[in-house]
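Okay, so here's the structure we're looking at.
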C-alpha cells in the first residue's frame, strides 16, 4: 500500500506528474476527485456537452408532478421550457422567471462537522430563509436536504412553510437514492430564487441547470451563511459560454 499526499486546486492536468509517476499501478484511488476541474471547464465546448446532457424523462416527470401539485409551478408559466433539440440556443434577451417558490439546498450530515464555520444550524438557516422569502415576496420554500427526518421536523418548527419531496415506498424503490437526488435537483433548479450550501457539488449541479434555463445569475449563485453571519462570500459565478 502506497500513499502520496497532494493538495490540488485547479485543473486535472495538475495531477499528470503524480499519475505518470505511478504508471505501473493497476489502480489509483483519488479521494474527492470531484473537486478537480477539467482543463477546458467552463469553455464553449464544455457547455455544449453539458447542455446535451438531459435527465431521464421518468425523473423529470416525477419532479414536474410535484412542482404542479405542491408548488403551483409549470414550465410554461415559469418560462423554463427547454427545446427538445439541445443545439437550439435559447432566447438570451430575457431571464427565466421560475416557479413561485424559494429553493434551498440545506446540506447536513458530514458538512455539519467538516465545515462548522460555513454551515448554519437549523435555526440560523431558517432565519436566513425567512428573510429571503420576505425579500422576494414568496410564501413557499422547497428544501433539498440530506437531513434526517427528525432534523427536518425541527426545521419546520422554525419554518412551517418548508416542504420537501417525500416519495412513497414504491417510488423510493423504483428511483433509488440517485434518482431521488435528481428529482430534488430538478425541483430546486426551477425555483424563482435558489440558495445552496458552501462548496457543495450538489448545489453546483443545480446552478448549472439554472444557467442552462437562463435564470438571472443573481437568483442562482447564492449560499447560506454560517452561524451568526448575515453576509458571506458567495459562490463563483460559472456562466454559460457559447461558441462564436
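In our numbering, the protein residues as written are 946 to 1189.
For each residue, glycine too, the CB sits at the ideal point set by N, CA and C.
What you are looking at is a predicted structure, and each value in this text was computed from that prediction instead of being measured.
- Rounded to whole angstroms, the Cβ separation of residue 1164 and residue 1138 is 5 angstroms, and the two are in contact under 8 angstroms.
- Of 1064, 1067, 1086 and 1025, the smallest CA-CA separation from residue 1046 is found for 1086.
- Remark: three or more beta-carbon pairs, one from each stretch, lie closer than 8 angstroms, so the region 1164-1181 and the region 1055-1073 are flagged as touching.
- Contact between residue 1129 and residue 1149 fails: their C-beta atoms lie close to 14 angstroms from each other, not under 8 angstroms.
- Within the same chain, Cβ atoms closer than 6 angstroms to the Cβ of residue 1185 are found at 992 and 1156, the five residues on either side in sequence being excluded.
- For the pair residue 995 and residue 1153, the CB atoms are nearer than the 8 angstroms cut-off.
- Around the Cβ of residue 1173, a 10 Å sphere holds fewer than 16 other Cβ atoms; the residue is exposed.
- Look at residue 1143 here: in three-state DSSP terms it is coil, with no helix or strand label.
- The beta carbon of residue 1108 lies closer than 8 angstroms to those of 1015, 1016, 1085, 1086, 1087 and 1088 in the same chain, with the five residues before and after it left out.
- In this structure, residue 1140 lies near residue 1049, with their beta-carbon atoms less than 8 angstroms apart.
- Secondary structure note for residue 1051: its beta strand (DSSP E) is the uninterrupted segment 1044-1051.
- No residue range can be given for residue 986, since it is assigned to no alpha helix (DSSP H) and is classified by DSSP as neither H nor E.
- Taking 4 residues as the shortest admissible run, the region 1103-1173 contains the following complete alpha helix (DSSP H) segments, listed from N- to C-terminal end: 1114-1134 and 1146-1157.
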